[in-house]
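Protein chains in written order, with our numbering: chain G, 35 to 388; chain B, 3 to 91; chain F, 447 to 837.
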């Protein structure tokens with residue numbers, strides 16, 4: 035499909051620029067995987083002052099990436115709720131001031147394409163610019179969009195990414211809908227829960243993608259999305275994905291699971307995991323939390339693992355006889371399965387030539 | 003209580019910084035005759051609308067047309083002059 | 447190939463009704479009635495004069511969590527699939543894509559959203575209905591759709607981009623057919639939002655007129671069925687989507703650059719993608735919102751690209767600016783132009799802008815039309831251009 039050349043990630047962990055440290059994780063405060071925002075040196079203050087958190091996270095992750103690799107030919111972003119915080123701030127103004135004189139900044143920043151639009155504006159980038167907002171498939175659709183663009187324009191280079199924030203308002207809505215646990219987070223215990231609910235996360239992952247195979251570039255080999263609440267259908271589609279990509283004969287070195295501690299999701303994760311029994315399993319939501327575009331964090335982590343050839347010990351699902359085994363047995367390929375709210379599922383296959 | 007012009011100027015500067023979230027600007031550093039738009043503070047069209055809302059909420063002044071607003075919002079001097087004449091709060 | 451159309455707007459609940467209204471220069475912009483607002487009876491809006499309750503009954507969609515946006519979407523979606531004669535098997539097929547442009551989602555429910563966002567007691571039935579994707583997901587569920595699906599929000603160009611994305615899915619072999627379009631319903635949120643920017647007109651909008659005072663908001667939905675040429679044989683083909691593009695103006699979050707770089711590039715690249723020269727465009731359905739900024743910039747961009755400006759109009763003068771639905775609704779109108787070889791009057795125009803002098807078409811005419819361009823320019827500088835051709 036295409037190659038990831040560079041990537042950045044802002045999350046609740048140390049994942050940004052020269053502070054990347056995946057070997058140890060930080061325990062979040064309270065019951066949310068909240069981001070400690072960096073200082074956004076690449077965003078002019080006049081623009082930064084207006085941005086809501088989702089826009090800051092998205093633009094903040096994108097700008098240093100572009101500083102390194104130049105103006106892309108297009109900007110493709112996925113976000114489920116980007117801008118929602120500003121939407122509701124504006125809504126609160128409507129109620130508070132009874133539709134009287136209102137300040138427009140919240141409204142202007144509330145459009146979901148604020149991230150893609152602001153990056154375009156900062157770079158004076160006239161290229162293709164799109165925002166997919168399809169909840170748990172927002173990032174996957176952005177990936178598909180990028181793949182199609184790169185198929186049509188083989189020399190193009192694109193900024194592809196995703197972002198979502200835990201806004202007070204969205205958190206409240208999803209909490210009322212029963213999506214979250216409210217106990218304090220203990221990352222080591224998350225997966226042992228037999229109760230419904232997960233822990234919310236937030237963050238952004240940005241990638242420079244193109245068709246050039248280079249030293250260190252991570253290839254996206256395959257992507258499949260499914261919308262279903264039927265574990266049997268998901269099992270069936272996973273089987274098809276495995277067959278189509280010849281994974282029975284050439285299995286991945288790692289299976290990265292989006293398991294999140296919500297007991298209601300487990301039959302999906304089990305349905306898939308039983309089909310790749312011999313492949314070691316790792317998990318990531320004990321460090322990212324759950325949110326609609328968390329699969330972008332999963333992909334970023336996979337790219338880091340493939341480049342560094344190191345799987346952080348805390349990510350393994352089962353104790354490994356030699357957790358650093360990958361140093362002797364090169365890890366070429368990672369298969370990621372994620373689902374969001376037990377409805378939107380995705381399989382991704384990525385690899386590196388060593 | 004009628005506020006002294008100099009005190010009102012400082013209050014308005016603080017309000018501008020706070021309302022427009024000018025994160026690195028200190029109110030006391032804004033000169034009274036420094037242009038708010040273009041050169042100087044470098045505000046834009048959305049800021050001019052925000053300042054019109056500020057005038058309404060803090061001083062009870064209604065300005066219907068943003069273009070009229072730009073004539074008043076030249077610098078702190080003109081803003082304060084207008085507030086002193088037209089405030090209802 | 448476009449093999450199906452469905453639409454609902456302030457000037458009609460079907461393709462034929464919309465066409466009749468366009469021919470007669472009917473203006474569907476009136477005052478707000480459907481929900482209580484400070485602006486009811488004050489601001490002109492392209493409101494669909496059917497209450498949400500009535501829509502629920504008509505469409506037999508009374509399950510909890512259904513919003514007005516869902517209902518308008520369902521109405522147009524059903525018309526389109528019926529028009530194209532899609533079978534249940536085809537709709538459910540993993541080969542059928544569904545791409546929906548939307549900006550409001552369930553935020554038309556201001557009070558419920560305020561409660562659910564701020565209070566800690568029991569949530570309303572709409573907890574899962576607020577985001578834009580909820581509209582798409584609910585149709586996917588209702589129709590058991592298994593193909594690729596996405597929701598696009600790029601403000602006013604959303605459904606134009608949805609049409610493009612669906613076309614590309616077919617071209618790249620990810621789908622055999624695509625149901626594409628968009629929807630938006632009137633909401634206190636958008637009314638107040640645009641009002642806070644001082645770009646709503648207190649009177650009927652006057653696209654391209656020198657005395658224009660802003661836009662009127664509208665609501666509606668439209669969907670097109672796109673199929674590959676070889677699969678469309680034997681079907682009633684409405685038109686061909688022969689070119690498209692998306693660019694970014696990259697100037698300001700809520701206004702276009704003075705020279706209109708984004709709009710200019712969008713039109714230029716759309717022409718290139720269709721393999722057409724500017725002089726081959728017979729008619730333009732402009733973005734034409736009636737705001738000072740858009741109409742001036744759009745005019746300048748058209749002058750930059752067309753040596754002789756083609757005949758053009760703004761159908762927003764009939765129905766207002768339907769935001770996420772605009773691209774798709776205007777695509778349907780452009781296709782009607784082509785099918786029936788006619789153009790409809792642009793309304794409320796008296797005098798051209800002094801510096802550009804452009805005049806939209808002001809009367810119904812039957813003309814020879816081969817290629818039509820439809821433009822949509824949105825917040826964040828998002829500019830999209832679609833070209834439809836006669837078959």
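Ideal Cβ placement from N, Cα and C applies to all residues, glycine included.
Asked: Can you find a C-beta in chain B that's less than 8 Å from the C-beta of residue 157 (chain G)?; Found: no
Asked: I need the DSSP call for residue 242 (chain G), collapsed to helix, strand or coil.; Found: strand
Asked: Applying the 10 Å Cβ sphere with the 16-neighbour rule, what's the burial state of residue 488 (chain F)?; Found: exposed
Asked: Against residue 44 (chain B), what residues of chain G qualify as contacts under a CB-to-CB distance less than 7 Å, listed in chain order?; Found: 80
Asked: Verify whether the separation of the beta carbon atoms of residue 77 (chain B) and residue 34 (chain B) is less than 8 Å.; Found: yes
Asked: Roughly how many angstroms separate the alpha carbons of residue 167 (chain G) and residue 730 (chain F), rounded to a whole number?; Found: 29 Å
Asked: In the DSSP assignment, what are the bridge partners of residue 767 (chain F)?; Found: F:663
Asked: Consider the Cβ of residue 214 (chain G): report whether some Cβ of chain F lies at a distance smaller than 8 Å.; Found: no
Asked: Looking only at DSSP bridge pairs, what is residue 197 (chain G) linked to?; Found: G:238
Asked: Mind checking if residue 68 (chain B) is an interface residue toward chain F, Cβ cutoff 8 Å exclusive?; Found: yes
Asked: Measuring only the C-alpha atoms, how far is residue 589 (chain F) from residue 533 (chain F)?; Found: 11 Å
Asked: From the DSSP output, read off the bridge partner residues of residue 252 (chain G).; Found: G:38, G:386
Asked: Starting from residue 452 (chain F), trace the beta strand (DSSP E) in both directions and tell me its first and last residue.; Found: 448-454
Asked: Using CA atoms only, rank isn't needed, just tell me which of F:771, F:806, F:796, F:811 is closest to residue 602 (chain F).; Found: F:771
Asked: Please return the same chain residues whose Cβ sits closer than 6 Å to the Cβ of residue 381 (chain G), not counting the five positions on each side in sequence.; Found: 258, 275, 371
Asked: Under the rule that 16 or more other beta-carbon atoms within 10 Å means buried, what is residue 688 (chain F), buried or exposed?; Found: buried
Asked: So, is residue 240 (chain G) buried or exposed, given that buried needs 16 or more other C-beta atoms within 10 angstroms?; Found: buried
Asked: What's the C-alpha gap between residue 784 (chain F) and residue 670 (chain F)?; Found: 15 Å
Asked: Kindly indicate which three-state DSSP category residue 743 (chain F) falls into: helix, strand or coil?; Found: helix
Asked: Could you check what DSSP says for residue 651 (chain F) in three-state terms: helix, strand or coil?; Found: coil
Asked: Just to check my reading of the structure: residue 484 (chain F) and residue 132 (chain G) have Cβ atoms closer than 8 Å, yes? What is that Cβ distance to the nearest angstrom?; Found: 7 Å
Asked: How about residue 139 (chain G): is its C-beta nearer than 8 Å to some C-beta of chain B?; Found: yes
Asked: Measuring straight from C-alpha to C-alpha, what distance separates residue 376 (chain G) and residue 231 (chain G)?; Found: 11 Å
Asked: Is the shortest distance between the beta-carbon of residue 643 (chain F) and the beta-carbons of chain B less than 8 Å?; Found: yes
Asked: Name the chain B residues that come within less than 9 Å of residue 135 (chain G), Cβ to Cβ?; Found: 54, 55, 58, 59, 64
Asked: Could you please give the first and the last residue of the uninterrupted alpha helix (DSSP H) stretch that includes residue 61 (chain B)?; Found: 47-61
Asked: Using beta-carbon positions only, say whether residue 807 (chain F) and residue 758 (chain F) come within less than 8 Å of one another.; Found: yes
Asked: Is the stretch 578-586 of chain F close to the stretch 696-714 of chain F, with three or more CB pairs under 8 Å?; Found: no
Asked: Exposed or buried, which one is residue 699 (chain F) when buried takes at least 16 other CB atoms within 10 Å?; Found: buried
Asked: Considering only their Cβ atoms, is the gap separating residue 621 (chain F) from residue 541 (chain F) smaller than 8 Å?; Found: yes
Asked: With a threshold of 8 Å between beta-carbons, can residue 253 (chain G) be considered close to chain F, or not?; Found: no
Asked: For a test of the three-state rule: what should DSSP assign to residue 134 (chain G), helix, strand or coil?; Found: coil
Asked: Should the stretch 509-521 of chain F be called in touch with the stretch 628-646 of chain F, which here means at least 3 C-beta pairs below 8 Å?; Found: yes
Asked: If we define contact as Cβ-Cβ less than 8 Å, is residue 825 (chain F) a contact residue for chain B?; Found: no
Asked: In terms of residue numbering, what span does the beta strand (DSSP E) encompassing residue 545 (chain F) cover?; Found: 542-548
Asked: Report the option in G:81, G:150, G:337 whose CA atom is closest to the CA atom of residue 43 (chain G).; Found: G:337
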